[in-house]
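Novice: These protein sequences, in sequence, are chains A and B.
Note that numbering that gives the first Met the number 0 has the first sequence beginning at 0, numbered continuously upward.
Note that numbering that gives the first Met the number 0 has the second sequence beginning at 0, numbered continuously upward.
Sharing a structure with you now.
Protein chains: 2
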Amino acid sequence: MSLLVVGTVAFDSIQTPHGLVEEETGGSATFFSLAASAFAPVRLVAAVGTDFPRDRLALFDGRTIDTEGLDVVADGKTFRWSGKYEGDMNVAETLDTQLNVLATFSPKLPESYRSTPFVFLANAEPRVQLEVLDQTPDRRFAMTDTMNLWIEHERDALLEVLRRVDAVVMNDEEARSLTGERNLIRAGNKALELGPKVVVIKKGEHGAFLFSTYMFHALPAYPVTEVVDPTGAGDSFAGGLMGYLARAGRVSIGNLKRGMAYGTVAASFTVADFGTRSLRAATREDIEIRFNEFMNFLR
Amino acid sequence: MSLLVVGTVAFDSIQTPHGLVEEETGGSATFFSLAASAFAPVRLVAAVGTDFPRDRLALFDGRTIDTEGLDVVADGKTFRWSGKYEGDMNVAETLDTQLNVLATFSPKLPESYRSTPFVFLANAEPRVQLEVLDQTPDRRFAMTDTMNLWIEHERDALLEVLRRVDAVVMNDEEARSLTGERNLIRAGNKALELGPKVVVIKKGEHGAFLFSTYMFHALPAYPVTEVVDPTGAGDSFAGGLMGYLARAGRVSIGNLKRGMAYGTVAASFTVADFGTRSLRAATREDIEIRFNEFMNFLR
Chain A
0 MSLLVVGTVA FDSIQTPHGL VEEETGGSAT FFSLAASAFA PVRLVAAVGT DFPRDRLALF
60 DGRTIDTEGL DVVADGKTFR WSGKYEGDMN VAETLDTQLN VLATFSPKLP ESYRSTPFVF
120 LANAEPRVQL EVLDQTPDRR FAMTDTMNLW IEHERDALLE VLRRVDAVVM NDEEARSLTG
180 ERNLIRAGNK ALELGPKVVV IKKGEHGAFL FSTYMFHALP AYPVTEVVDP TGAGDSFAGG
240 LMGYLARAGR VSIGNLKRGM AYGTVAASFT VADFGTRSLR AATREDIEIR FNEFMNFLR
Chain B
0 MSLLVVGTVA FDSIQTPHGL VEEETGGSAT FFSLAASAFA PVRLVAAVGT DFPRDRLALF
60 DGRTIDTEGL DVVADGKTFR WSGKYEGDMN VAETLDTQLN VLATFSPKLP ESYRSTPFVF
120 LANAEPRVQL EVLDQTPDRR FAMTDTMNLW IEHERDALLE VLRRVDAVVM NDEEARSLTG
180 ERNLIRAGNK ALELGPKVVV IKKGEHGAFL FSTYMFHALP AYPVTEVVDP TGAGDSFAGG
240 LMGYLARAGR VSIGNLKRGM AYGTVAASFT VADFGTRSLR AATREDIEIR FNEFMNFLR
């Protein structure tokens, strides 16, 4: 089944102990689509400015990623993010954010996108996420991401999003901030009370937790020996997870668990090089080989 | 098969956000023995002072823990440790350490202990650990713990210990410090080069890794909703692991993995209350029930 992602296509400038890249093509929708398209056709919704070179879309060549929903805003400039990773590289220090076209982004889904069964709302202002939910009445499963900015400053709108989606994926700090619970197990269970039937908490190099009613699952991360650039790991994880669910066509506990493992594998490719380089180079076969290796580590 | 532990029996004074206890019976050999004796008979070697009330040994009543090796040092005072946990409670701040009888501890194993097949060297000065290895010529499997103090100041003696044991268990910071590798996967593999055939790295609430030649295993922690006092969690983990191996009587990859899961379960009981209270209260049946529940979380 097909899968819709609404998120960002961005220019990322990134410093890590391994080097520096400037204006790499990044953004949540980019990483998500690259990971998810290994499993299912992806429909992408995002906005860029006229400064976004069309040939950058070659990034998506050879994959089933529909970019009809990529809005090129007249006179607009593309979203830019600049960040730096140091020490254990678990957290990015944001050096600069230029919202540009995102400041007024109001997604209009192409007619052909509206009946997409699987929907992923990448981190965005809850107002934008609600507009997407309004335009996908036939969806079967929606998962949302979010960030501390909205948890703190747009809480009511975010709570409405959480009541309307089926699942939420957050990192550990976001889960703590959303629920006021320091303990992650309590935080996950409390997040379930806000509406979603499924709560996924990402812990970076420490893996991820899955919460659902009467059910808990813990998964370590894939053992990566060299993290070059963690940017996009979370969106790659979500892409692998949602991509696998869309391919399976059915959300079950078993599929959610396998999807988390595929998400973990996608993220493990992403962090191995700057930007999308390593994820892009990973073939479907590479993903399957690493998935099987990962399953062996856990048995 | 039986299991020998050489470690400490101590008075612990502990502050956590959940309260304060003074002069609780603690120490590595205490936690290890309580956890391991659920699986196999334990022979304990440690030293206390004449200030240690005999009736405190009631702690071990009803368990197969042989305390013939508990040396009551004439005119000596028992080792005391005082620490404080704050925030995420992953790391203890040591407020005070009084070595007392440990300063001159030189273990003399009772004759009946010398042929014990499974040996655990709890954290101690490497000199002491080497004395135990000299006195256990018939052992089949020895695992050692250590700490940053010895890694930094007694490196040569510690490296000799590592060459002579079969396995080492360390926390993440110790593994990094021992090997100079920040990445834990690299650190684990590098530790294997120092001699042990098995390297276990504990990551507290994030679980544990197991490294052996050609083999890697990752295990999350048991999802504890309230950590009251983490003191002794690491020694309880080692106790569950080594206790299970001693019961199985054979060290295999499968037994090491199951042992790590039992260690995780033992630690999950320990952290639920101050000192040994919760671990002591856990019956063999409680442990099996939680082990099965934990296995379900991972499947």
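Glycine included, each C-beta is placed from N, C-alpha and C at the ideal position.
Computed from a predicted model, the values in this text were never measured in an experiment.
#1: Assign leucine 278 of chain A to one of two classes, buried (16 or more other C-beta atoms within 10 Å of its C-beta) or exposed (fewer than that).
#2: For threonine 7 of chain B and arginine 257 of chain B, what's the separation of their Cα atoms in angstroms?
#3: In chain B, which residues lie less than 7 angstroms from proline 222 of chain A when you measure between Cβ atoms?
#4: Rounded C-beta distance between leucine 108 of chain B and phenylalanine 78 of chain B? I'm assuming under 8 angstroms.
#5: So phenylalanine 290 of chain B and valine 264 of chain B are supposed to be a Cβ contact under 8 angstroms. How far apart are they, rounded?
#6: Name the chain A residues whose beta carbon is nearer than 9 angstroms to that of histidine 17 of chain B?
#7: Nearest to proline 229 of chain B by CA position, among B:Arg185, B:Met241, B:Ala266, is which residue?
#8: How long is the line joining the alpha carbons of glycine 86 of chain B and aspartate 60 of chain A, rounded to whole angstroms?
#9: Expressed to the nearest angstrom, what Euclidean distance is found between the alpha-carbon atoms of glutamate 23 of chain B and phenylalanine 273 of chain B?
#10: Measuring only between beta-carbons, confirm whether glycine 206 of chain A sits less than 8 angstroms from chain B.
#11: Does the beta-carbon distance from leucine 3 of chain A to threonine 135 of chain A come in below 8 angstroms?
#12: Beta carbons nearer than 7 angstroms to chain A: which residues of the segment 248 to 276 of chain B have them?
#13: Look at threonine 49 of chain B and aspartate 74 of chain B and say whether their C-beta atoms are less than 8 angstroms apart.
#14: For leucine 183 of chain A and phenylalanine 208 of chain A, which I take to be in contact (beta-carbon distance under 8 angstroms), what is that distance rounded to the nearest angstrom?
#15: Looking only at its chain, what residues have a beta carbon closer than 6 angstroms to the beta carbon of histidine 216 of chain A, apart from the 5 residues adjacent to it on each side?
#16: What residues match up with glutamate 85 of chain B in a beta bridge as DSSP calls it?
#17: By the DSSP assignment, the beta strand (DSSP E) with threonine 93 of chain A in it spans what residues?
#18: Determine the burial state of leucine 157 of chain B: buried for a count of at least 16 other Cβ atoms within 10 Å of its Cβ, exposed for fewer.
#19: Taking 8 angstroms as the threshold (beta carbon to beta carbon), is lysine 202 of chain B in contact with chain A?
#20: Report yes if the CB atom of aspartate 171 of chain A is closer than 8 angstroms to the CB atom of isoleucine 200 of chain A, and no otherwise.
#21: Do the segment 137 to 156 of chain A and the segment 52 to 59 of chain A make contact, defined as three or more Cβ pairs closer than 8 angstroms?
#22: Give the secondary structure of alanine 280 of chain B by DSSP, where H, G and I count as helix, E and B as strand, and everything else as coil.
#23: With burial defined as no fewer than 16 other Cβ atoms inside 10 Å of the residue's Cβ, what is the status of threonine 212 of chain B: buried or exposed?
#24: Give the secondary structure of aspartate 234 of chain A by DSSP, where H, G and I count as helix, E and B as strand, and everything else as coil.
#25: On the DSSP letters alone, give me the boundaries of the alpha helix (DSSP H) that aspartate 65 of chain A sits inside.
#26: Count the other CB atoms within 10 Å of the CB of arginine 53 of chain A; is the residue buried (16 or more) or exposed (fewer)?
#27: Can you list the residues of chain B that glutamate 172 of chain A reaches, using a CB-CB cut of under 8 angstroms?
#28: What three-state label does DSSP hand serine 36 of chain A in the structure shown?
#29: Spell out whether any CB of chain B is found under 8 angstroms from the CB atom of glutamate 312 of chain A.
#30: Counting pairs of beta carbons, one from the segment 232 to 240 of chain B and one from the segment 240 to 252 of chain A, are three or more of them closer than 8 angstroms?
#31: Using the three-state DSSP reduction, which class does serine 105 of chain A fall into: helix, strand or coil?
#32: Answer yes or no: do leucine 219 of chain A and glycine 206 of chain B have a C-beta to C-beta separation smaller than 8 angstroms?
#33: What three-state label does DSSP hand arginine 42 of chain A in the structure shown?
#34: In terms of residues, what are the limits of the beta strand (DSSP E) holding glutamine 14 of chain A?
#35: My assumption, with CB atoms under 8 angstroms, is that alanine 46 of chain B sits in contact with valine 100 of chain B. Please give the rounded CB distance.
#36: Would you tell me roughly how many angstroms separate the C-alpha atoms of isoleucine 13 of chain A and glycine 25 of chain A, rounded to the nearest one?
Specialist: Working from what's here:
#1: buried
#2: 26 angstroms
#3: Ile184, Phe215, Ala217
#4: Not quite, the Cβ-Cβ distance comes to about 19 angstroms (not below 8 angstroms), so this is no contact.
#5: Between valine 264 of chain B and phenylalanine 290 of chain B the Cβ distance is about 5 angstroms, and since that is below 8 angstroms, they are a contact.
#6: The premise fails here: histidine 17 of chain B is roughly 12 angstroms from chain A at the closest Cβ pair, so nothing lies under 9 angstroms.
#7: B:Ala266
#8: 48 angstroms
#9: 9 angstroms
#10: Glycine 206 of chain A counts as touching chain B.
#11: yes
#12: none
#13: Their beta carbons are under 8 angstroms apart, which means threonine 49 of chain B touches aspartate 74 of chain B by this criterion.
#14: 6 angstroms
#15: Short of 6 angstroms from the beta carbon of histidine 216 of chain A, and not among the five residues preceding or following it, lie these beta carbons of its own chain, in chain order: Leu209, Lys256.
#16: In the DSSP output, where bridge partners are listed per residue, glutamate 85 of chain B has none listed.
#17: 91 to 97
#18: buried
#19: yes
#20: yes
#21: no
#22: helix
#23: exposed
#24: helix
#25: Unbroken run through aspartate 65 of chain A is the beta strand (DSSP E), 64 to 72; no alpha helix (DSSP H).
#26: exposed
#27: Residues of chain B passing the Cβ test: none, with the nearest at roughly 11 angstroms.
#28: Judged by DSSP in its simplified three-state form, serine 36 of chain A adopts coil rather than helix or strand.
#29: Residue coverage of chain A in this structure runs from 0 to 298, which leaves residue 312 of chain A outside it and unanswerable.
#30: no
#31: Coil at serine 105 of chain A, not helix or strand.
#32: One point to set straight first is that residue 219 of chain A is proline, not leucine, in the sequence displayed. Contact flag set, yes.
#33: Strand, per DSSP.
#34: 9 to 15
#35: 5 angstroms
#36: 10 angstroms
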